[in-house]
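Let me begin by presenting the structure, written as structure tokens, before commenting on it.
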Amino acid sequence: MWEIRSSGPAATEKVGYALGRLLKPGDTVSLVGELGAGKTVFVHGAAAGLDVVDTVSSPSFLIVQEYRGRLTVFHCDFYRLDSYQELEDIGWDDYFSRGGVILIEWGNRIPEALPESYLEVVIDRGRVENERLLRFIPHGSRYGGLVKELADRCASWE
Numbered sequence: 554m555w556e557i558r559s560s561g562p563a564a565t566e567k568v569g570y571a572l573g574r575l576l577k578p579g580d581t582v583s584l585v586g587e588l589g590a591g592k593t594v595f596v597h598g599a600a601a602g603l604d605v606v607d608t609v610s611s612p613s614f615l616i617v618q619e620y621r622g623r624l625t626v627f628h629c630d631f632y633r634l635d636s637y638q639e640l641e642d643i644g645w646d647d648y649f650s651r652g653g654v655i656l657i658e659w660g661n662r663i664p665e666a667l668p669e670s671y672l673e674v675v676i677d678r679g680r681v682e683n684e685r686l687l688r689f690i691p692h693g694s695r696y697g698g699l700v701k702e703l704a705d706r707c708a709s710w711e
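Heads up: the sequence shown runs through residues 554 to 711, numbered per the working numbering.
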């Protein structure tokens, strides 16, 4: 696990960008945090790091929004979902074979939808306004290495 403090939305987006530069086909990132914590801001950064030029918005009512960049980005939001069945109805498992990157807001709401190996990013509010604590929890060896590489890239920011 690795954590970094963010002083505000721009810093949160910058960390997301750094992660986006490191993501590879098939990677899955689950973002966890209360409403307004900065999950979508983080995804904006990650998408920019993946060379997405379109405006990224929360897919709350669509479940999955697809963007083109150096890799296809599947931006998902599980906030309004009640069961895994709702994901099965849209062909959820097919997204994992499409060679893109899957970024899931509220991934903890339907844990059975997550692959065995993924990166969990927990965003908590800090002690002062706009401050956030971002914790990166790897699930699987691929993500252990990814977190180490991200920490190395961000070391000079702290």
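Even glycine gets a Cβ: it sits at the ideal position worked out from N, Cα and C.
Residue i to residue j span [Cα, whole Å]
| i | j | result |
| --- | --- | --- |
| Ala564 | Leu656 | 19 Å |
| Pro562 | Glu682 | 11 Å |
| Glu684 | Met554 | 20 Å |
| Ser636 | Ala601 | 30 Å |
| His724 | Gly579 | The requested residue 724 is not part of the displayed model; the chain covers only 554 to 711. |
| Gly586 | Glu665 | 18 Å |
| His677 | Leu687 | Residue identity differs from the one stated: residue 677 is Asp in this sequence, not His. Answer to the nearest angstrom: the Cα atoms are 7 Å apart. |
| Arg680 | Ala590 | 13 Å |
| Tyr648 | His597 | 20 Å |
| Phe595 | Ser583 | 11 Å |
| Ser709 | Leu699 | 17 Å |
| Tyr570 | Glu673 | 16 Å |
| Trp645 | Val568 | 27 Å |
| Ile643 | Ile616 | 9 Å |
| Leu576 | Tyr671 | 11 Å |
| Arg574 | Ala599 | 7 Å |
| Val654 | Gln618 | 12 Å |
Which of helix, strand or coil DSSP assigns to residue i
| i | result |
| --- | --- |
| Thr608 | coil |
| Trp710 | helix |
| Arg695 | helix |
| Tyr570 | helix |
| Glu587 | coil |
Bridge partners - residue i, DSSP secondary structure assignment
| i | result |
| --- | --- |
| Pro668 | Note: Pro668 sits in no beta bridge, so no partner. |
| Asp677 | Leu686 |
| Leu656 | Val582, His628 |
Nearest-angstrom beta carbon gap, residue j and residue i [assumed within contact, 8 Å]
| i | j | result |
| --- | --- | --- |
| Glu658 | Ser610 | Wrong, their Cβ atoms sit about 11 Å apart, outside the cutoff. |
| Phe614 | Ile663 | Contact flag wrong, Cβ pair sits at about 16 Å. |
| Glu669 | Gly693 | 7 Å |
| Leu703 | Leu572 | 6 Å |
Practice item. Assess, as a yes-or-no matter, whether the segment 617-630 is touched by the segment 594-605 under the definition of 3 or more beta carbon pairs within less than 8 Å. Key: yes
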